[in-house]
Amino acid sequence: KNQVEQSPQSLIILEGKNCTLQCNYTVSPFSNLRWYKQDTGRGPVSLTIMTFSENTKSNGRYTATLDADTKQSSLHITASQLSDSASYICVVTPANQAGTALIFGKGTTLSVSS
Amino acid sequence: DTGVSQNPRHKITKRGQNVTFRCDPISEHNRLYWYRQTLGQGPEFLTYFQNEAQLEKSRLLSDRFSAERPKGSFSTLEIQRTEQGDSAMYLCASSFGWVANEKLFFGSGTQLSVL
Numbered sequence: 001k002n003q004v005e006q007s008p009q010s011l012i013i014l015e016g017k018n019c020t021l022q023c024n025y026t027v028s029p030f031s032n033l034r035w036y037k038q039d040t041g042r043g044p045v046s047l048t049i050m051t052f053s054e055n056t057k058s059n060g061r062y063t064a065t066l067d068a069d070t071k072q073s074s075l076h077i078t079a080s081q082l083s084d085s086a087s088y089i090c091v092v093t094p095a096n097q098a099g100t101a102l103i104f105g106k107g108t109t110l111s112v113s114s
Numbered sequence: 115d116t117g118v119s120q121n122p123r124h125k126i127t128k129r130g131q132n133v134t135f136r137c138d139p140i141s142e143h144n145r146l147y148w149y150r151q152t153l154g155q156g157p158e159f160l161t162y163f164q165n166e167a168q169l170e171k172s173r174l175l176s177d178r179f180s181a182e183r184p185k186g187s188f189s190t191l192e193i194q195r196t197e198q199g200d201s202a203m204y205l206c207a208s209s210f211g212w213v214a215n216e217k218l219f220f221g222s223g224t225q226l227s228v229l
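Top to bottom, those sequences are chains A and B.
Residue numbers for the first sequence follow this note's numbering, so the first one is 1 and each next one is one higher.
Residue numbers for the second sequence follow this note's numbering, so the first one is 115 and each next one is one higher.
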């Protein structure tokens, strides 16, 4: 069964610190892996999209990595800010399937405190 | 604001009532998706439109749910005879371009509470 598992479930860090969120998936083959940021009470916003052949993608202070061999991805947040407090969702698209087949993880809830 | 717009943002209703939500996608986007999200979970796919055609519906979508996208523009999602289990955030997303790497743009959602 195609699954996307994220860890940790929740994380609390101090403002200015770095953190790394993990995503393990069993979807194979897949066409791309995405990371979304979702603020409380809002819809998800795309951070990065990586195809199966890409290893890393950056978006400002956010850097996503992908290891297709181990089926793992990580999202690294540098110099965290209070506004980074949100849920971060990993999403995998099975190969040759449309957006209707996106497999969402449950997300990691990040809290950045001052 | 040129993003995906959803209305209302919040809806409180009594069990058994009907509710209707609206989604206005980004104007040039031909694909539109509805998702449902409960607390602590990722979004679950409900249904998908390409232009005005409803091409796919999830097995999760009971007969009480119906969606339309007249003229391929805005979309509505109606829930009839609401149940407490319908309480959730209902998200709309739109996209265009190559399907395999399409970028979904989500609205802010409609939070439904069924009392």
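A virtual CB, placed ideally from N, CA and C, is assigned to each residue, including glycine.
Being a predicted model, the structure only gives us computed values, none of them experimental.
Ranking Val92/A, Val112/A, Ser53/A by CA distance to the CA of Asp84/A puts Val112/A first.
When the Cα atoms are used, Gln164/B and Leu21/A turn out to be separated by approximately 34 Å. For the stretch 207 to 227 of chain B, the residues whose beta carbon sits under 9 Å from a beta carbon of chain A are, in order, Ala207, Ser209, Val213, Ala214, Asn215, Glu216, Lys217, Leu218, Phe219, Phe220, Gly221, Ser222, Gly223, Gln225. Excluding its 5 nearest sequence neighbours in each direction, Ser31/A has C-beta neighbours in its own chain below 6 Å: Thr93, Ala95, listed in chain order. In the structure shown, Thr70/A adopts coil according to DSSP, grouped into three states. Taken in chain order, the members of the stretch 145 to 165 of chain B whose beta-carbon sits within less than 8 Å of a beta-carbon on chain A are Arg145, Tyr147, Gly154, Gln155, Gly156, Pro157, Glu158, Phe159, Tyr162.
Against Leu229/B, chain A offers no close residue; the least beta-carbon distance is about 19 Å (beta-carbon pairs closer than 8 Å). DSSP places Glu182/B in the uninterrupted beta strand (DSSP E) bounded by 179 to 182. Between the stretch 72 to 90 of chain A and the stretch 1 to 18 of chain A there are three or more C-beta pairs closer than 8 Å, enough to call the two in contact. When DSSP states are grouped into helix, strand and coil, Thr190/B belongs to the strand group. Shortest Cα-Cα distance from Thr65/A to any of Cys23/A, Ser10/A, Ser7/A involves Cys23/A.
Just so you know, the alpha carbons of Asn121/B and Thr100/A end up roughly 23 Å apart.
Our two residues, Gly41/A and Ser222/B, have alpha carbons roughly 7 Å apart in a direct line.
When DSSP states are grouped into helix, strand and coil, Lys125/B belongs to the strand group. DSSP places Asp138/B inside the beta strand (DSSP E), whose first and last residues are 133 to 138. Not one beta carbon of chain B lies nearer than 9 Å to the beta carbon of Ala86/A. The straight-line gap separating the alpha-carbon atoms of Gln9/A and Tyr149/B is approximately 22 Å. Residues of chain B whose Cβ lies closer than 8 Å to the Cβ of Phe30/A do not exist, since the nearest Cβ in that chain is about 10 Å away.
Apart from the 5 residues on each side of it in sequence, Leu169/B sits with its Cβ closer than 6 Å to the Cβ of Tyr162 in its chain, given in chain order. Any Cβ of chain A closer than 9 Å to the Cβ of Val118/B would place that residue at the interface, and such an atom is present. Around the C-beta of Ile49/A, 16 or more other C-beta atoms lie within 10 Å, and the residue is accordingly described as buried.
Here Lys57/A is buried. Its C-beta has 16 or more other C-beta atoms within 10 Å.
A direct Cα-to-Cα measurement between Lys171/B and Lys71/A gives close to 29 Å. Beyond the five residues adjoining it in sequence on each side, Glu142/B comes within less than 8 Å, by CB distance, of Phe210 in the same chain, given in chain order.
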